[in-house]
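This note's numbering applies: residue 4 is where the sequence shown begins, and numbers increase by one. The C-beta atom is built at its ideal place from N, Cα and C for all residues, glycine as well. All remarks here apply to the structure that follows.
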Amino acid sequence: MAKVIAVLGSTGTQGGGLCRAILADKSGGFSCRAITRDPSKDKAKELAAAGAEVVAGNLDDVESLKKAFAGAYGVYAVTNFWESFSGQKEKDQAKNVAEAAKAAGVQHVIWSTLEDTRKWVPLSDDRMPTLQGKYKVPHFDGKGEADHFFRDLGVPTTFLLTAFYWDNFIYFGAGPQRGPDGQLALVYPMDEKRLPGMAAEDIGKCAYGIFKRGKELIGKTVAIAGEHLTGEQMASKMSRAVGKEIRYTNVPPEVYRTFGFPGADDLGNMFQFKRDFNDYFVGVRDIAFARTLNPELQSLDQWLGRHKDQIPLP
Ligand SMILES: NC(=O)c1ccc[n+]([C@@H]2O[C@H](COP(=O)([O-])OP(=O)(O)OC[C@H]3O[C@@H](n4cnc5c(N)ncnc54)[C@H](OP(=O)(O)O)[C@@H]3O)[C@@H](O)[C@H]2O)c1
4 MAKVIAVLGS TGTQGGGLCR AILADKSGGF SCRAITRDPS KDKAKELAAA
54 GAEVVAGNLD DVESLKKAFA GAYGVYAVTN FWESFSGQKE KDQAKNVAEA
104 AKAAGVQHVI WSTLEDTRKW VPLSDDRMPT LQGKYKVPHF DGKGEADHFF
154 RDLGVPTTFL LTAFYWDNFI YFGAGPQRGP DGQLALVYPM DEKRLPGMAA
204 EDIGKCAYGI FKRGKELIGK TVAIAGEHLT GEQMASKMSR AVGKEIRYTN
254 VPPEVYRTFG FPGADDLGNM FQFKRDFNDY FVGVRDIAFA RTLNPELQSL
304 DQWLGRHKDQ IPLP
């Protein structure tokens, strides 16, 4: 009997990648139970057509999660900060996952977490503003703070620290901007520091590799990336791929925070954290280890080869 992996976020990027990895490996010994709030949506139907069991579940409703996890060996847990922009909501959702996994007797949870940056930048540190009254980087801090729900309940958990998706160049408004000088540029507040990044599809493949390791990574925090690249390096690779000159423009985080799009303050603080604690942030995100989990791990050049035509150039 295949071991069932119940996948949250199955209709999205991280969970979708894991579902595709499980479904592509017919003899791998695992089956995919795709959880969504709406099993009638197209992405859920695509998963069902590819062989997934699609079930309803809502991160805000612990009873629905208990039902969705029943009989599952594993759970992949990801929350979507960008739907609510609320660190508190993410913590509540993670608590629901931990409680439901405990109640269902799940043997291995992977919790897609991020650093609680307040361990490096306490709220009293005024190098960056405090947001939502109690966070420095809300979409990191709520996830990191929520780690304790899994530990406190003794849920067998692997804590997975992910990296910046290169797909943000396409879908998240992080692609090249045209400056007042008419030049295309990637605009980040990272100075000359390296940004760990990866193909979003590789996160699910790495998660699948973690499940395939059995108990080895339970109780551990593991961190992955595809490459660690400076803004200059990313811009030059993108220039070559799209055949147009794209520069890297460094801006101070104070300026980035004022860019005005929803979450600009959160992302400005996030980049500043990655810049100011770069040795830690890059050092922990282990490319060689990620490749052992997922031998198909992509470089930025490989990702660009597949996706360059999707990058919007204003
Ligand atoms: N962008 C980056 O570079 C990056 C890097 C590292 C980490 N992250 C983190 O990744 C997270 C988002 O993951 P993603 O990119 O995979 O998301 P995504 O592609 O935007 O998809 C969101 C998924 O979450 C599910 N979902 C949302 N609310 C739910 C709820 N209440 N109950 C059940 N399912 C719910 C959605 O399912 P249905 O709508 O079908 O229910 C959907 O499958 C964010 O929290 C972000 O901080 C992003």
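Item, Value
"Cβ-based burial, PRO141 [other Cβ within 10 Å; buried from 16]", "buried"
"beta-carbon GLY74 near ligand 1 non-hydrogen atom, thresh 7 angstroms", "no"
"Residue closest to ALA203, alpha-carbon to alpha-carbon, out of SER115, LYS139, THR233 and PHE88", "SER115"
"At least 3 beta-carbon pairs within less than 8 angstroms: the region 209-216 vs the region 175-184", "no"
"Nearest-angstrom beta carbon gap, SER67 and ALA320 [assumed within contact, 8 angstroms]", "With the chain covering 4 to 317 only, the question about residue 320 has no answer from this structure."
"Exposed unless 16 or more other CB atoms sit within 10 angstroms - verdict on SER30", "exposed"
"Endpoints, the alpha helix (DSSP H) within which TRP123 is located", "First-last for TRP123: undefined, no H or E at that position."
"Ligand 1 heavy atom lying under 7 angstroms from the CB of LEU134", "no"
"Span separating the alpha-carbon of ALA73 from that of LYS92", "24 angstroms"
"Validate contact between the region 246-255 and the region 156-166 using beta carbons, cut 8 angstroms, 3 pairs", "no"
"Reduced DSSP secondary structure (H/G/I, E/B, other) of GLY200", "strand"
"Cα-Cα separation between ALA55 and ALA71, rounded to whole angstroms", "13 angstroms"
"Supposed close pair GLU219, ILE290 - CB separation, criterion 8 angstroms", "The Cβ separation is near 19 angstroms, so there is no contact."
"CB of ASP295 within 8 angstroms of CB of ILE221, strictly", "The question names Asp, yet the displayed sequence has Thr at residue 295. Contact: no."
"For PRO192, the nearest candidate out of ASP170, ASN281 and GLY207 (CA to CA)", "ASN281"
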